[in-house]
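Notes follow the structure.
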Amino acid sequence: MAFVPLPYLRVSPAIIAAFLASILLLLAPAIWNGFPLLFYDSGDYFLRTILGMLNNGRSVVYGAWLTAFRYPNFWPAAVVQCAITTWVLYLVLRTHGLKNHAAGLPLALVAVAATLSACTALAWIAGMMMPDLFAALAVLALYLILRKRDEVSRIERYALVALIAFSCATHNGTLAVVLALLAAALALHLWRGALIPRAALRQGGLAILLAILLVPSAGWVFTGNFAWTPGGAGFVFSRLVQDGIAHRYLADNCPNPKLKLCQVRHALPHTADDFLWHQGDRGPFAHIGGFEGGGDEMKRIALDSVIQYPGLHLWTAIKSSALQLSRVRTGDGVVHDIGFTYGVLDSDAPEMKNAMNASLQRQGKLKAIFDGFNRVHEPFTLTSMALLPFLLLFAWRRGSMRDTDWLAATVLLALLANAFAMGVLSNPNHRYGARVAWMAPLVWSLLAVQLLAVSAGWRNAVARISAVARFAPKLVKQAGSMQDKRN
2 MAFVPLPYLR
12 VSPAIIAAFL
22 ASILLLLAPA
32 IWNGFPLLFY
42 DSGDYFLRTI
52 LGMLNNGRSV
62 VYGAWLTAFR
72 YPNFWPAAVV
82 QCAITTWVLY
92 LVLRTHGLKN
102 HAAGLPLALV
112 AVAATLSACT
122 ALAWIAGMMM
132 PDLFAALAVL
142 ALYLILRKRD
152 EVSRIERYAL
162 VALIAFSCAT
172 HNGTLAVVLA
182 LLAAALALHL
192 WRGALIPRAA
202 LRQGGLAILL
212 AILLVPSAGW
222 VFTGNFAWTP
232 GGAGFVFSRL
242 VQDGIAHRYL
252 ADNCPNPKLK
262 LCQVRHALPH
272 TADDFLWHQG
282 DRGPFAHIGG
292 FEGGGDEMKR
302 IALDSVIQYP
312 GLHLWTAIKS
322 SALQLSRVRT
332 GDGVVHDIGF
342 TYGVLDSDAP
352 EMKNAMNASL
362 QRQGKLKAIF
372 DGFNRVHEPF
382 TLTSMALLPF
392 LLLFAWRRGS
402 MRDTDWLAAT
412 VLLALLANAF
422 AMGVLSNPNH
432 RYGARVAWMA
442 PLVWSLLAVQ
452 LLAVSAGWRN
462 AVARISAVAR
472 FAPKLVKQAG
482 SMQDKRN
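This is the structure in C-alpha cells:
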C-alpha cells in the first residue's frame, strides 16, 4: 500500500483508519457510560493541583494529568489514554512479524483492540480517570526497549522512555513492577550480554531515574514540597491488619506505653479497607494519627513483627500474592463508594455536573453490566494467564526462545511482580489484578495474528481486501459514468 506524505510521519491511510477505529473501540465503554469512568480516588487525584497539597498514595503527577486534560468533562484524558494504548499495541504488533504486512498490520491492530476490548478489562481501564492503565503500558514499553530496541525508531524509543517515566511516577506499584523487570533484565545481561543490550539497559535505567525525579519535582511545582508521594507505611500496615499479624503482635506486646494502638487494639478491624477508610475519626487508624501521625508506629510494628514472626510473614506473603494473582474481575470499585469523587466534581468542577449525573455510572446501572461482562472477562483472562507458562515450557523443550516467548516471559514476570507488590505491600483486590492481567490475552492474540499472517488463507484474504480497497474508487467512478450514459 502506497505511503502518503504527512508532516513528520510516513504512515498509510489504512494505519490511520486502524488507529482511529482502535481508539474508538477502547473508548466505547466511556462513550456508552456517557462520561469517563470514575473511581473513589479519581477525586483525590484531581484535587492535588487544585488544593496544592500532597496526599497519601495519590500522585501529583497523575493529578496534573487530569488537570491538563480537564475540559470538557475529562474526555481529552480518556481519548489520550486510549490513543497511547493503541500506539503501544501497534508497536507490539509491528515488532512481532507484521512490519512488512502493509495490509495485515491495520487489520491486526483493529482485531486485537476489539478482542481485548470485548474479552478483558482493558477498555474499561483505558477510559477510567485513574493511573491504572499505565501499569501495563509501562511493562510493554520496557519490553519494547529491552528486546525490540533495534526495531523502533529513535523518536519511538524516546517516547517509550517518557511513557515509562510518566507511568512509574503515577503510582508506586507500577514503579515496583518496572524495577523488578529491570533487575531481571540486568541479571540476564550479566549472564549473557547478547540477550539484553547494554544500551537498552541504560535507557530503561534512564526512565526510572526520570520517574524518581519527576515525582518530587511535580510535588514542588504544584504543592511547594519537594517530596515523594507519602503514605507507604499505612498501606503496608493495613495488609498486616487484614492478615491478622497486627492483631497477634498487639496481643503479644501490649500493654506498651510507646504503642498507641495498645489502647484500642480490641477495636482493630479485620480488613485493610476498614482500617484505613471505614472507621472514621474514632477508629484505631485515626487514634494513632493517621498516615502522618501514625507512620512511625506502623513502621515499628511492621519491622518488629517480621523479626518475631518470620514464618507467618512468609506464609501470608505467599497467600496474599496468590490471592492477588487470581483477582482480575472488571469493574472493581467502579459501582459503589464513589461519593467522594462525585462531591469533589460537584464543588470543584461544576461544569461537569450535568454530564456526570446523566452517566450510567452515577445512576447505578453498571453493576448488572459488569456482572455480565465478567462471565467472559474473568475466565478468559485467568485461562490466558494460566497457559502462559506452557509457552516457556515449549521454548525450553525446543531449545530456543522466540519473540513471543520473550513477551510471554515478560508478562508472566510482571504479573508475579504485580501480585507481590500489590498483594503484599498493599492488599489484594480485583482492580490491581485487572489493570495488568489483560497483557496475557494480548500475548495469545499476538500468537493468533502471527499464525494467521503466515497462512495462505490469511494472505489471500488480505490481498482481496487490499484489491477491493484499491479499485473501489475506480469501480464507483465507472458505475457513475455508466449511469450518466443511461440517463
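For the record, in the sequence shown the residue sitting at position 219 is 220 according to my numbering, with numbers rising by one throughout. We put the beta carbon where it would ideally sit given N, CA and C, even for glycine.
query: DSSP-derived helix/strand/coil call for M59; result: Reading the sequence as shown, one finds Arg at residue 59 and not Met. Note: R59 maps to strand in three-state DSSP.
query: Element boundaries [alpha helix (DSSP H), containing L21]; result: P14 to N34
query: Other residues of its chain near G53: CB distance less than 8 Å, five sequence neighbours each side excluded; result: F223, T224 and G225
query: At least three beta-carbon pairs within less than 8 Å, the stretch 370-378 to the stretch 65-85; result: no
query: Unbroken alpha helix (DSSP H) run spanning S239, endpoints; result: G233 to Q243
query: Reference A163; option with closest CA among M130, H172 and L215; result: L215
query: Straight-line Cα distance separating W221 from Y46; result: 16 Å
query: Alpha helix (DSSP H) runs wholly inside the stretch 389-445, at least 4 long, in chain order; result: 404-426 and 431-438
query: Backbone CA spacing between I213 and G296 [nearest angstrom]; result: 22 Å
query: Simplified DSSP state of M299, which is helix, strand or coil; result: helix
query: Chain D within 9 Å of L414, Cβ atoms only; result: No chain D is part of this structure, which consists of one protein chain only.
query: Backbone CA spacing between A139 and G281 [nearest angstrom]; result: 36 Å
query: Alpha carbon of S322 to alpha carbon of F421, nearest angstrom; result: 5 Å
query: Sequence ranges, alpha helix (DSSP H) only - wholly within the stretch 189-216, length at least 4; result: none
query: Boundaries (first-last residue) of the alpha helix (DSSP H) holding R249; result: I246 to N254
query: Beta-carbon spacing of M402, A410 below 9 Å; result: yes
query: Same chain, Cβ closer than 6 Å to A268, five either side skipped, listed in chain order; result: P285
query: Nearest-angstrom beta carbon gap, T317 and I370 [assumed within contact, 8 Å]; result: I370 to T317, Cβ: 35 Å. No contact.
query: Supposed close pair Y250, I302 - CB separation, criterion 8 Å; result: 6 Å
query: Among L161, I32, G232 and L211, the one whose alpha carbon lies nearest that of G294; result: G232
query: Sequence-distant residues of its chain with Cβ nearer than 7 Å to A31 (five each side left out); result: P37, L38, A79 and G128
query: DSSP beta-bridge partners of M129; result: L38
query: Close Cβ partners of L324 (< 8 Å) along its chain, the five nearest in sequence each way excluded; result: G424 and P429
query: Distance, L27 Cα to I165 Cα; result: 21 Å
query: Candidates K368, S306, P351 and S360: closest to G332 by CA position; result: K368
query: Top-ranked residue by Cα proximity to L393, from L408, P380 and Y310; result: L408
query: Best match in S23, L346, V81 and G35 for proximity to A119 [C-alpha to C-alpha]; result: S23
query: First and last residue of the uninterrupted alpha helix (DSSP H) at V89; result: W76 to L94
query: Between the CA atoms of N419 and L388 - distance to the nearest angstrom; result: 18 Å
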